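Chemist:
Residue numbers (the working numbering), protein chains in the order written: chain A, 619 to 730; chain B, 14 to 128.
Rendered as structure tokens:
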């Protein structure tokens with residue numbers, strides 16, 4: 619089945635220690651998104667890629683970076699995680715803007 | 014700016030009874046409207062969407078939603094609730110033009126179906 623995969627499902631890191639979260643997709647979608655979701659709140663869009671074009675939301679902290687080396691993979695890098703960065707990180711894809719976004723299972727990040 | 018309101022933090026319904034989860038939206042232009050469901054420690058699962066056409070949209074697992082332009086609402090409904098429907102439900106909207114990639118979510122409604 620075509621799907622969005624996120625690894626790892628759970629990630630524990632130390633305060634200030636860089637961490638990378640991974641997302642891959644077999645849907646061959648053009649657009650990939652990263653969301654942050656805290657404590658059953660609404661997901662908050664951090665950034666998205668349309669193909670190789672990177673689009674950062676205005677209020678996304680500089681601490682968060684992303685890479686998309688090819689169509690299938692996208693990475694979220696948190697350069698210096700703080701306690702406030704503990705959250706569920708969701709990856710999603712869509713064929714283009716305004717189309718249905720399909721989400722992966724998420725990575726829950728814990729910062730110690 | 015676009016926004017979504019889900020006025021109820023929690024909805025409780027008895028198994029077998031009809032359920033409604035409310036959603037209203039504010040957006041410039043024609044809205045694309047979505048409903049997603051989230052089970053604990055899982056990603057969001059797509060249920061249904063409205064783009065254009067028939068105001069009653071049917072989706073997965075027996076859910077449907079009715080688009081009402083005059084009331085700017087997109088309420089989620091199901092004729093007969095199941096215990097397995099208990100989850101967190103998000104309504105979302107995207108608008109045309111700049112920012113069309115952004116899916117704006119409501120804060121979510123926790124649905125509890127009581128056996």
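Glycine included, C-beta positions come from ideal geometry on N, C-alpha and C.
Please read all numbers here as calculations on a predicted model, not as lab measurements.
Measuring straight from C-alpha to C-alpha, what distance separates residue 93 of chain B and residue 704 of chain A?
Modeler: Going by the C-alpha atoms only, they are around 37 Å apart.
Chemist: Pull up the distance between the alpha-carbon of residue 674 of chain A and that of residue 33 of chain B, whole angstroms please.
Modeler: Each residue's alpha carbon lies about 35 Å from the other.
Chemist: Considering residue 726 of chain A, what are the terminal residues of the beta strand (DSSP E) in which it resides?
Modeler: From DSSP, the beta strand (DSSP E) with residue 726 of chain A extends over 725-729.
Chemist: Using a Cβ-Cβ distance under 9 Å, would residue 123 of chain B count as near chain A?
Modeler: Judged by the 9 Å Cβ criterion, residue 123 of chain B is in contact with chain A.
Chemist: Whose C-beta lies closer than 7 Å to the C-beta of residue 632 of chain A among residues of the same chain, with five residues either side of it excluded?
Modeler: Answer for residue 632 of chain A: 730, listed in chain order.
Chemist: So which of A:722, A:706, A:716 has the shortest CA-CA distance to residue 628 of chain A?
Modeler: Nearest of A:722, A:706, A:716 to residue 628 of chain A, Cα basis: A:706.
Chemist: Measure how close the beta-carbons of residue 46 of chain B and residue 103 of chain B come, nearest whole angstrom, since I'm counting them as under 8 Å.
Modeler: Not confirmed; about 12 Å, so no contact.
Chemist: What's the C-alpha gap between residue 687 of chain A and residue 702 of chain A?
Modeler: Straight-line Cα distance between these residues: approximately 28 Å.
Chemist: Quick test of your reading: residue 51 of chain B and residue 101 of chain B, contact by CB under 8 Å. State the CB separation rounded to the nearest angstrom.
Modeler: About 5 Å separates the two Cβ atoms, so the contact holds.
Chemist: Of all the residues that make up the segment 667-698 of chain A, which are near chain B by a beta-carbon distance shorter than 9 Å?
Modeler: Answer in chain order: 668, 673, 675.
Chemist: Please work out which residues of its chain come closer than 7 Å, Cβ to Cβ, to residue 126 of chain B, disregarding the five sequence neighbours upstream and downstream, and give them in chain order.
Modeler: Here the set comprises 26, 28, 94, 95, 96, 98, 99.
Chemist: Whole angstroms is fine: what's the gap from residue 716 of chain A's alpha carbon to residue 106 of chain B's?
Modeler: Taking the straight line joining both Cα atoms gives about 9 Å.
Chemist: Between the C-alpha atoms of residue 90 of chain B and residue 78 of chain B, what's the straight-line distance to the nearest angstrom?
Modeler: Taking the straight line joining both Cα atoms gives about 6 Å.
Chemist: Going by DSSP, what residue range makes up the beta strand (DSSP E) through residue 116 of chain B?
Modeler: First-last for residue 116 of chain B: undefined, no H or E at that position.
Chemist: Listed in chain order, which residues of the segment 651-662 of chain A have Cβ atoms closer than 7 Å to some Cβ of chain B?
Modeler: For the segment 651-662 of chain A, which is checked against every Cβ of chain B, the residues closer than 7 Å are 658, 659, 660, 661.
Chemist: Could you confirm whether any beta carbon from chain B is found closer than 9 Å to the beta carbon of residue 719 of chain A?
Modeler: Output row for residue 719 of chain A: interface = yes.
Chemist: According to DSSP, which residues form a beta bridge with residue 655 of chain A?
Modeler: In DSSP, residue 655 of chain A forms a bridge with A:706.
Chemist: Can you find the residues in the same chain that come closer than 6 Å, C-beta to C-beta, to residue 667 of chain A, ignoring five residues on each side of it along the sequence?
Modeler: Around residue 667 of chain A: 650, 686.
Chemist: Are residue 108 of chain B and residue 40 of chain B closer than 9 Å when you measure CB to CB?
Modeler: Yes, these two residues count as a Cβ contact at 9 Å.
Chemist: Spatial neighbours of residue 81 of chain B within its chain, please: C-beta separation below 6 Å, excluding the five flanking residues on both sides.
Modeler: If we look at residue 81 of chain B and ignore the five residues flanking it on each side, it has no Cβ neighbours.
Chemist: Give a yes or no on whether the C-beta atoms belonging to residue 38 of chain B and residue 31 of chain B are separated by under 9 Å.
Modeler: Not in contact: residue 38 of chain B and residue 31 of chain B (Cβ atoms no closer than 9 Å).
Chemist: How big is the Cα-Cα spacing for residue 65 of chain B and residue 699 of chain A?
Modeler: Using only the alpha carbons, I get a separation of about 42 Å.
Chemist: Going by DSSP, which residues form a beta bridge with residue 676 of chain A?
Modeler: According to DSSP, which records beta bridges pairwise, residue 676 of chain A is partnered with nothing at all.
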